[in-house]
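Before any comments, here is the structure.
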Amino acid sequence: MVELALSRRLRRTPFSEGVEAAGVKAYSVYNHMLLPAVFRSPEEDYRHLKEAVQVWDVAVERQVELRGPDAGRLLQMLTPRDLRGMLPGQCYYVPIVDETGGMLNDPVALKLSEDRYWISIADSDLLYWVKGIAYGYRLDVLVDEPDVSPLAVQGPKAEDLVAAVFGEGIRAVRFFRFGLFSFQGRELVVARSGYSKQGGFEIYVDGSDIAMPLWNALFEAGASMDVHAGCPNLIERVEGGLLSYGNDMTDDNTPHECGLGRFCSTQTAIGCIGRDALLRVAKEGPVQQIRAVAIDGPPVPRCDRWWPITANGKRVGRISSAAWSPDFDTNVAVGMVRMTHWDPETEVTVETPDGPRSALVRAEFWA
Ligand code: THG
Numbered sequence: 000m001v002e003l004a005l006s007r008r009l010r011r012t013p014f015s016e017g018v019e020a021a022g023v024k025a026y027s028v029y030n031h032m033l034l035p036a037v038f039r040s041p042e043e044d045y046r047h048l049k050e051a052v053q054v055w056d057v058a059v060e061r062q063v064e065l066r067g068p069d070a071g072r073l074l075q076m077l078t079p080r081d082l083r084g085m086l087p088g089q090c091y092y093v094p095i096v097d098e099t100g101g102m103l104n105d106p107v108a109l110k111l112s113e114d115r116y117w118i119s120i121a122d123s124d125l126l127y128w129v130k131g132i133a134y135g136y137r138l139d140v141l142v143d144e145p146d147v148s149p150l151a152v153q154g155p156k157a158e159d160l161v162a163a164v165f166g167e168g169i170r171a172v173r174f175f176r177f178g179l180f181s182f183q184g185r186e187l188v189v190a191r192s193g194y195s196k197q198g199g200f201e202i203y204v205d206g207s208d209i210a211m212p213l214w215n216a217l218f219e220a221g222a223s224m225d226v227h228a229g230c231p232n233l234i235e236r237v238e239g240g241l242l243s244y245g246n247d248m249t250d251d252n253t254p255h256e257c258g259l260g261r262f263c264s265t266q267t268a269i270g271c272i273g274r275d276a277l278l279r280v281a282k283e284g285p286v287q288q289i290r291a292v293a294i295d296g297p298p299v300p301r302c303d304r305w306w307p308i309t310a311n312g313k314r315v316g317r318i319s320s321a322a323w324s325p326d327f328d329t330n331v332a333v334g335m336v337r338m339t340h341w342d343p344e345t346e347v348t349v350e351t352p353d354g355p356r357s358a359l360v361r362a363e364f365w366a
């Protein structure tokens with residue numbers, strides 16, 4: 000094991016004090032910021048997430064704020080998802096593409112009002128692309144990163160815990176919607192969303208000064224609910240088919256290759272910078288696509304580089320994330336698989352660092 004050398008370039012979060020007091024065992028780095036990766040063990044964190052409730056420091060989900068008369072126009076330039084129906088109070092999962100149709104990020108966008116949006120980004124420096132577009136097109140919009148840090152509450156008891164702190168009104172918030180709820184006299188955006196399939200909320204903590212007070216309030220209110228500090232869990236998110244930008248896809252992939260075609264309406268997304276490129280490639284359709292892959296045998300090691308997927312000795316894809324799943328009793332993985340081998344139940348070989356393993360391409364793990 001090596002240690003991370005901390006410095007101010009590697010940003011702490013306004014919850015780091017609480018995360019450390021809760022016994023964080025490993026960090027990752029995401030948007031130049033600390034992201035907790037393990038508390039007890041990946042397997043214990045996984046079991047607890049599926050049975051109780053966890054509070055996650057996901058301040059790394061930085062916000063790119065768009066503010067001004069051209070805010071909506073700018074967001075539509077960034078994504079092939081048609082935003083005309085988006086209303087204040089809604090969250091949209093929006094693939095962000097460049098002029099070639101390559102994925103730059105896969106954030107959640109929030110419409111705060113007609114002229115104000117937050118783009119809650121995955122791990123890439125999206126701010127600079129957005130500022131460049133706004134400047135280059137002379138748009139009437141301010142683009143910056145506000146002091147807003149999401150705190151996620153995830154797990155089957157998440158609704159009870161968030162209701163205990165923010166009130167019963169929270170129960171009426173639907174999936175991918177948000178409302179404003181008060182905490183210590185401040186109005187905070189609270190959305191029903193989060194990077195797990197266990198259900199829960201994300202609280203957009205507006206102002207670092209109330210970060211630790213909110214963290215502490217959640218742990219006090221959740222004492223009887225077995226609340227614990229947690230973090231996005233590799234096993235659970237691979238089981239659930241949630242993608243990780245930089246791991247599972249890069250700017251070499253189109254949204255369609257990533258299985259995000261259902262979040263694109265390229266025909267009607269007028270103004271999207273990658274629209275022409277995506278319409279061109281849409282004619283032929285993708286030649287590779289993200290798939291769930293079940294890898295046989297004992298638990299695989301950590302996947303910290305792409306593992307080749309082969310068939311009859313020829314490369315037909317790559318594995319980008321993998322973990323042993325106690326509930327599915329197999330290794331679950333995310334792969335980018337060529338068309339010739341992407342049908343469900345196709346048998347392939349995965350070249351793991353421990354040697355070749357038989358594997359099965361799947362539609363989804365949970366289906
Ligand atoms: N929440 C917020 N910001 C984020 C993430 C988040 N930024 C970084 C990262 N996660 C972005 N990536 C994702 C990936 C998947 C989802 C959200 C953000 C997600 N997908 C659901 C699914 O695929 O089942 C539902 C999408 C939908 O139906 O619209 O939730 O987690 N704030």
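No gaps in the numbering here: position 24 of the sequence shown is 23 in numbering that gives the first Met the number 0, and each next residue is one more.
Each residue gets a CB set at the ideal place from its N, CA and C atoms; glycine is no exception.
Three-way DSSP call (helix, strand, coil) for residue i in this model
i	result
Asp56	strand
Trp128	helix
Lys49	helix
Arg7	coil
Thr78	coil
Val280	helix
Phe165	helix
Phe174	strand
Thr339	helix
Met211	helix
Val26	According to the sequence provided, residue 26 is Tyr. The question's Val does not apply to it. If DSSP states are grouped into helix, strand and coil, Tyr26 belongs with the strands.
Asp97	coil
Arg72	helix
Ala133	helix
Pro41	helix
Ala20	helix
Glu158	helix
Ser15	helix
Trp305	coil
Glu350	strand
Ile202	strand
Asn104	strand
Phe364	coil
Pro145	coil
Gly312	coil
Lys196	coil
Leu138	coil
Ile120	coil
Val189	strand
Proximal residues to residue i (C-beta, below 8 angstroms), its chain only, five neighbours per side dropped
i	result
Gly296	Asn330, Arg356 and Ser357
Lys130	Val142
Leu125	Val63, Ile95, Leu103, Asn104, Pro106 and Ile118
Arg170	Glu158 and Ala162
Pro41	Asn232, Leu233, Ile234 and Ala322
Ala268	Gln75, Thr78, Pro79, Arg80, Asp81, Leu82 and Arg274
Pro87	Lys110, Leu111, Ser112 and Glu113
Gln197	Leu48, Lys49, Gln153, Gly154, Pro155, Ala157 and Glu235
Beta-carbon contacts of residue i that lie in its chain and below 7 angstroms, excluding the five residues immediately before and after
i	result
Ala310	His340, Val347 and Thr348
Pro212	Gln183
Asp146	Gly206 and Ser207
Met85	Tyr91 and Lys110
Asp250	Asp97, Gly101, Met102 and Leu103
Phe165	Phe180, Phe182 and Val189
Gly22	Phe38
Beta-carbon contacts of residue i that lie in its chain and below 6 angstroms, excluding the five residues immediately before and after
i	result
Ser27	Leu34 and Ala36
Met248	Met102 and Cys257
Ser195	Gln153 and Glu235
Ala190	Cys90, Phe177 and Glu201
Met338	Val286
Val315	Ile308, Arg337 and His340
Val172	Gly178 and Arg191
Trp214	Phe14 and Gly17
Glu60	Ser119 and Pro149
Heavy atom of the ligand NAP within 8 angstroms of residue i beta-carbon
i	result
Asn232	Looking for the ligand NAP in the displayed structure turns up nothing; the ligands present are the ligand THG.
Handout entry: Beta carbon shell of the ligand THG at less than 6 angstroms from a heavy atom
Key = The answer, residue by residue, is Glu60, Tyr92, Asp105, Pro106, Val107, Ser119, Ile120, Ala121, Pro149, Phe175, Ser192, Gly193, Tyr194, Glu201, Leu241 and Leu242.
Handout entry: Complete runs of the alpha helix (DSSP H) confined to the segment 215-294 [at least 4 residues]
Key = If we require 4 residues or more, the alpha helix (DSSP H) runs fully inside the segment 215-294 come out as 233-238 and 274-283.
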